[in-house]
Amino acid sequence: MSSASERQARRVQRYYRWLDGISFYRERRAAGEAVHPVHRALADPAGGAPSPLVIHRLMLAAVTLPAEPRVLDAGCGYGATMLDLAPRLGGDWTGLTLSPEQAARGNAALAAAGLTERVRVQVRSYDAPPEGPFDLIYGIESLIHSADPAATLAGLARQLAPGGHLLVVDDMPEPGLPPEPAQRLAQFKRYWRCPVAPDRAGWVTALRAAGLDLVAERDLNPLLQVRGMAEVAPRLAAVRNRSRLVRWLGLGVRAEAEIGGLLLESLQTEGWVHYRLLVARRPA
1 MSSASERQAR
11 RVQRYYRWLD
21 GISFYRERRA
31 AGEAVHPVHR
41 ALADPAGGAP
51 SPLVIHRLML
61 AAVTLPAEPR
71 VLDAGCGYGA
81 TMLDLAPRLG
91 GDWTGLTLSP
101 EQAARGNAAL
111 AAAGLTERVR
121 VQVRSYDAPP
131 EGPFDLIYGI
141 ESLIHSADPA
151 ATLAGLARQL
161 APGGHLLVVD
171 DMPEPGLPPE
181 PAQRLAQFKR
191 YWRCPVAPDR
201 AGWVTALRAA
211 GLDLVAERDL
221 NPLLQVRGMA
231 EVAPRLAAVR
241 NRSRLVRWLG
251 LGVRAEAEIG
261 GLLLESLQTE
271 GWVHYRLLVA
281 RRPA
């Protein structure tokens, strides 16, 4: 990894260490959801309830996998996506996270489900991925943390099997934002530790430079459960006021995460940021 990537990895690791202990993940665990998906809920096009698991079905609809696929989750969080998909698809699964706390909880949940022989979470950067070949590599709301997205995608693409797929699910700003939404975007990026956050064209260019073909994509904004700035503003003001009082305790990280989420929500509602699924394939 480059020195910039190493510095960014340390920032993200610290960020998720704080969130593991003081954010809504703690409440999820108290409710019995040990590895609740970190990514957001989407409306179900098939008519079901909104759920973080909807994206899994949309991802699978865009790829063709061999029997017993080898899969890499590049930024797996607590491993919830693997816990959902591995029992259905079989194969061998590896998840990467920078957080030892996430890895410990994820591996405990995988052990409880009897999946440890073929599914595991490793404390490792996706900028130094394990050796492939993998039939499927995906990053759900994780690759946006990369300090050099083009280098990250190139490194992951090298581990794809011929005909294998690389999926990016992330928030992609529109180019040429006016000053006010651009300011909101900059604050979101700072608070969520996203130094680059490419637009769609940036991701597509990086995928093609990595030797991959873009074979499918979907704008997921219509499926998001989001509110506009008018609704978000009161909550945003309250969190900002509270954050000034608790920052010295380290709880400012939670406030930053919440503020970033609220800003992102407003940007998505107004169409300045689009939550997208990009599907790329390595030529056979």
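Sequential numbering from 1 applies to the sequence shown in full-length UniProt numbering. From the three backbone atoms N, C-alpha and C, an ideal C-beta is built for every residue, glycine too. No experiment lies behind these values; they were computed from the predicted model shown.
Own chain, CB closer than 7 Å to residue 168, minus 5 neighbours either side, in chain order: 139, 143, 203 and 278
How do the segment 225-236 and the segment 56-70 stand: do at least 3 beta-carbon pairs fall below 8 Å, yes or no? no
If you count every other CB in all the chains shown that lies within 10 Å of the CB of residue 263, and 16 or more means buried, which is it? buried
Hey, which unbroken runs of the beta strand (DSSP E) at 3 residues or more fall wholly within the segment 62-123? 70-74, 92-97 and 119-123
According to DSSP, is residue 249 helix, strand or coil? Legend: pLDDT at residue 249 = 49, less than 50; position of this residue unreliable, value from coordinates given subsequently. If DSSP states are grouped into helix, strand and coil, residue 249 belongs with the helices.
Have a look at residue 137 and residue 72 and give me their C-alpha separation to the nearest angstrom. 5 Å
Please return the same chain residues whose Cβ sits closer than 7 Å to the Cβ of residue 132, not counting the five positions on each side in sequence. 159, 160 and 161
Just the Cα atoms here: how many angstroms apart are residue 148 and residue 18? 24 Å
Can you list, in chain order, the residues of its chain with a C-beta nearer than 6 Å to that of residue 30? Leave out the 5 residues immediately preceding and following it. At residue 30, the pLDDT of 47 sits below 50, so the modelled position is not reliable and the matter cannot be decided from this model.
Which first and last residues belong to the beta strand (DSSP E) in which residue 281 is found? 273-281
Rounding to the nearest angstrom, what Cα-Cα distance links residue 178 and residue 154 in this structure? 31 Å
Reduced DSSP category for residue 51 - H, G, I as helix; E, B as strand; rest coil: strand
If we count the other Cβ atoms within 10 Å of its Cβ and call it buried at 16 or more, is residue 107 buried or exposed? buried
Check this for me: beta carbons of residue 192 and residue 257, under 8 Å apart or not? yes
One or two residues paired with residue 270 in a DSSP bridge: The partner list for residue 270 (beta bridge, DSSP) is empty, contrary to what the question assumes.
How many angstroms separate the CA atom of residue 47 from the CA atom of residue 222? 14 Å
With distances taken between CB atoms, is the gap from residue 173 to residue 185 smaller than 8 Å? yes
DSSP state of residue 24 mapped onto helix, strand, coil: Interpretation of residue 24 is limited by its pLDDT of 46, a score under 50 that renders its predicted location unreliable; no figure is taken from the coordinates.
Helix, strand or coil for residue 30? Go by DSSP, reduced to three states. Per-residue confidence for residue 30 stands at a pLDDT of 47, beneath the threshold of 50, marking its modelled position as unreliable; the derived number appears in the next sentence. Helix at residue 30.
Ordered along the chain, which non-local residues of its own chain (more than five positions away) have a Cβ less than 8 Å from that of residue 110? 79, 82, 83, 116, 119, 120 and 121
Restricting to Cα atoms, I'd like to know which of 127, 163, 128 and 151 is closest to residue 134. 163
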